[in-house]
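Below is one structure, written out as structure tokens; comments come after it.
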Amino acid sequence: MKTTFSLILLVFSVSGLFSQTKGSEVSIGTNFSINSKILNQDRDIQIYLPDSYESSKENYPVLYILDGQRFFTNGVAIQRSTIAPAEIPEMIVVGINSSRELRYTLFGDESTKFTSFIKNEVIPFIDSNYRTTGERIIFGWEAGAYYVSEMILKEKDLFSGAIASNGGYASEETVKGFNCDKEIYLYMANSRKDIYNISSSDTFNDALKKNSPKNLIWKYELLDDEVHQSLPYLAMYKGIKYYYHNYPSLIFETIRAYVDAGGIPYLKSYFKERAKRFGGEGKIDNSTKNRLIWLAWNRDNFEYFSFFMEEFKDVLSTQRYASAYWQNRFGQFYLKHKDYKNAIRYFEAGIKKYPNTEFDEAMKKGLKTAQKNK
Numbered sequence: 112m113k114t115t116f117s118l119i120l121l122v123f124s125v126s127g128l129f130s131q132t133k134g135s136e137v138s139i140g141t142n143f144s145i146n147s148k149i150l151n152q153d154r155d156i157q158i159y160l161p162d163s164y165e166s167s168k169e170n171y172p173v174l175y176i177l178d179g180q181r182f183f184t185n186g187v188a189i190q191r192s193t194i195a196p197a198e199i200p201e202m203i204v205v206g207i208n209s210s211r212e213l214r215y216t217l218f219g220d221e222s223t224k225f226t227s228f229i230k231n232e233v234i235p236f237i238d239s240n241y242r243t244t245g246e247r248i249i250f251g252w253e254a255g256a257y258y259v260s261e262m263i264l265k266e267k268d269l270f271s272g273a274i275a276s277n278g279g280y281a282s283e284e285t286v287k288g289f290n291c292d293k294e295i296y297l298y299m300a301n302s303r304k305d306i307y308n309i310s311s312s313d314t315f316n317d318a319l320k321k322n323s324p325k326n327l328i329w330k331y332e333l334l335d336d337e338v339h340q341s342l343p344y345l346a347m348y349k350g351i352k353y354y355y356h357n358y359p360s361l362i363f364e365t366i367r368a369y370v371d372a373g374g375i376p377y378l379k380s381y382f383k384e385r386a387k388r389f390g391g392e393g394k395i396d397n398s399t400k401n402r403l404i405w406l407a408w409n410r411d412n413f414e415y416f417s418f419f420m421e422e423f424k425d426v427l428s429t430q431r432y433a434s435a436y437w438q439n440r441f442g443q444f445y446l447k448h449k450d451y452k453n454a455i456r457y458f459e460a461g462i463k464k465y466p467n468t469e470f471d472e473a474m475k476k477g478l479k480t481a482q483k484n485k
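Numbering of the sequence shown is given in the working numbering, commencing with residue 112 and proceeding in unit increments.
Below, the structure written as structure tokens:
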């Protein structure tokens with residue numbers, strides 16, 4: 112098979128507000144024109160690479176977006192705004208453009224041919240030219256939602272997850288026939304205001320509830336504040352978050368929430384399971400440790416602050432805490448709760464290792480008070 116790709120740089124021009132201000136270009140990806148032998152037509156795809164791609168040797172999951180001419184930039188925006196603080200991993204984003212005239216045909220009557228195009232032309236091109244993990248998610252809106260919701264049940268080795276916005280349907284026979292030895296994710300979103308597609312997605316939801324396909328991890332969510340045109344961005348965001356539900360660091364709003372979740376055993380279990388799915392060492396990450404220390408400090412819970420400072424003492428030696436700011440903050444908190452020994456330790460470290468005119472006076476005053484009362 113031969114597939115011809117012509118390269119065009121995809122850019123947006125940002126013009127200045129005033130005529131004397133020179134505009135600059137912001138590049139968000141690359142546009143390729145594919146001469147598809149399967150579809151017997153040229154098809155455009157758009158590719159976005161994460162900021163770290165060129166400087167790393169890592170492999171990346173891929174988000175495929177149908178109707179890329181409308182929603183590619185949505186995927187890029189979600190990717191760029193949620194990778195910190197690591198709510199989702201960095202991803203390659205691929206938009207597959209569709210013309211209005213052909214999308215209903217390719218997503219409907221000729222869906223088998225369109226799947227072959229994705230499977231045998233698009234994915235091999237992406238995997239052979241970029242460093243990918245083999246983990247793939249596909250997004251479809253409206254007619255594309257019907258396509259991805261059925262395709263994910265039939266092509267179980269092609270994608271790890273699918274997001275269907277404003278539509279979605281597969282026959283009960285197809286649902287019953289789903290049989291997979293690995294977990295596949297399906298997220299569907301619709302709105303009662305989308306009067307044209309809601310009945311189909313409701314029926315599909317009923318079939319899924321009735322048959323509970325093994326290893327299909329699915330969710331159907333109604334977002335009734337949205338309409339047909341406004342839902343796709345939110346659906347894509349929530350669908351990606353659903354797929355990566357056990358990827359982020361853990362955040363608790365209260366100490367009680369941490370305790371109710373299961374405390375340290377829960378943290379260890381969460382990160383062990385996280386590593387099984389996404390790789391890694393399976394240890395509690397530094398971000399979670401930091402946030403628990405800060406939570407106890409913020410809630411003025413000295414008991415748990417002391418516990419976390421001891422339990423997570425390894426994180427205290429990281430570069431984040433190598434400053435007068437943190438030495439003073441910890442010293443003052445220990446001083447407030449009359450733990451003079453630890454207050455002295457942090458004040459002395461701050462004064463000797465990290466001299467800083469902004470905090471020196473407070474640390475010296477705190478040190479004097481702690482030494483006087485120890």
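For every residue, glycine included, the Cβ atom is placed at its ideal position computed from N, Cα and C.
Between the CA atoms of residue j and residue i - distance to the nearest angstrom
i, j, result
"residue 123", "residue 242", "Caution is warranted here: a pLDDT of 45 is assigned to residue 123, below 50, making its placement in the model unreliable, and no coordinate value can be reported."
"residue 367", "residue 411", "13 Å"
"residue 486", "residue 205", "Given that the chain is displayed from residue 112 to residue 485, the structure contains no residue 486 and the question cannot be resolved."
"residue 294", "residue 315", "19 Å"
"residue 447", "residue 175", "53 Å"
"residue 419", "residue 307", "53 Å"
"residue 272", "residue 439", "47 Å"
"residue 369", "residue 284", "43 Å"
"residue 416", "residue 445", "10 Å"
"residue 234", "residue 409", "48 Å"
"residue 304", "residue 161", "35 Å"
"residue 190", "residue 199", "8 Å"
"residue 281", "residue 171", "30 Å"
"residue 458", "residue 365", "28 Å"
"residue 127", "residue 184", "Confidence is the limiting factor: at residue 127 the pLDDT is only 49, short of 50, which leaves the residue's position unreliable, though a coordinate-based value still follows. Approximately 21 Å between the Cα atoms of the pair."
"residue 166", "residue 355", "24 Å"
"residue 227", "residue 394", "41 Å"
Beta-carbon proximity list for residue i, same chain, < 8 Å, skipping 5 on both sides
i, result
"residue 230", "266, 269"
"residue 222", "258, 261, 262"
"residue 449", "484"
"residue 215", "254"
"residue 466", "435"
"residue 163", "169, 201"
Spatially closest choice to residue i from the options, by CA coordinates
i, options, result
"residue 217", "200, 255, 199, 240", "255"
"residue 250", "319, 304, 277, 244", "277"
"residue 146", "140, 156, 138, 139", "156"
"residue 401", "360, 202, 444, 330", "360"
"residue 434", "474, 212, 322, 237", "474"
"residue 224", "303, 244, 148", "148"
"residue 213", "388, 161, 150, 158", "150"
"residue 320", "476, 343, 286, 445", "286"
"residue 328", "290, 421, 481, 183", "290"
"residue 363", "390, 375, 245", "375"
"residue 152", "191, 210, 171, 183", "210"
"residue 442", "252, 228, 456", "456"
"residue 385", "405, 161, 357", "357"
"residue 348", "469, 192, 302, 240", "192"
"residue 219", "166, 340, 279, 168", "279"
"residue 454", "133, 468, 481, 389", "481"
"residue 309", "337, 292, 326, 322", "337"
Residues near residue i by beta carbon distance below 6 Å, same chain, minus five either side
i, result
"residue 208", "155, 179, 180"
"residue 346", "276, 300"
"residue 350", "274, 298"
Spatial neighbours of residue i in its chain, beta-carbon cut-off 7 Å, leaving aside the 5 residues before and after
i, result
"residue 471", "462"
"residue 397", "426, 429"
"residue 58", "Within the shown structure, residues of the chain are numbered from 112 to 485, placing residue 58 beyond reach of any answer."
"residue 324", "286, 289"
Helix, strand or coil at residue i [DSSP, three-state]
i, result
"residue 429", "coil"
"residue 138", "strand"
"residue 237", "helix"
"residue 219", "coil"
"residue 165", "coil"
"residue 415", "helix"
"residue 440", "helix"
"residue 115", "Interpretation of residue 115 is limited by its pLDDT of 49, a score under 50 that renders its predicted location unreliable; the figure taken from the coordinates is listed afterwards. Looking at residue 115 - three-state DSSP - the assignment turns out to be strand."
"residue 144", "strand"
"residue 177", "strand"
"residue 396", "coil"
"residue 246", "strand"
"residue 450", "coil"
"residue 203", "strand"
"residue 149", "coil"
"residue 503", "The structure shown has nothing for residue 503, since the chain only spans 112 to 485."
Problem - Sequence ranges, alpha helix (DSSP H) only - wholly within the stretch 320 to 394, length at least 4 - result: Restricting attention to alpha helix (DSSP H) runs no shorter than 4 residues, the stretch 320 to 394 encloses them at 342 to 354, 366 to 372, 374 to 389, ordered along the chain.
Exercise for the section: Could you tell me which uninterrupted alpha helix (DSSP H) segments, each at least 4 residues in length, are contained entirely in the stretch 257 to 314, listed from first to last along the chain? Expected result: Counting whole runs of 4 or more residues, the stretch 257 to 314 contains the alpha helix (DSSP H) stretches 283 to 288.
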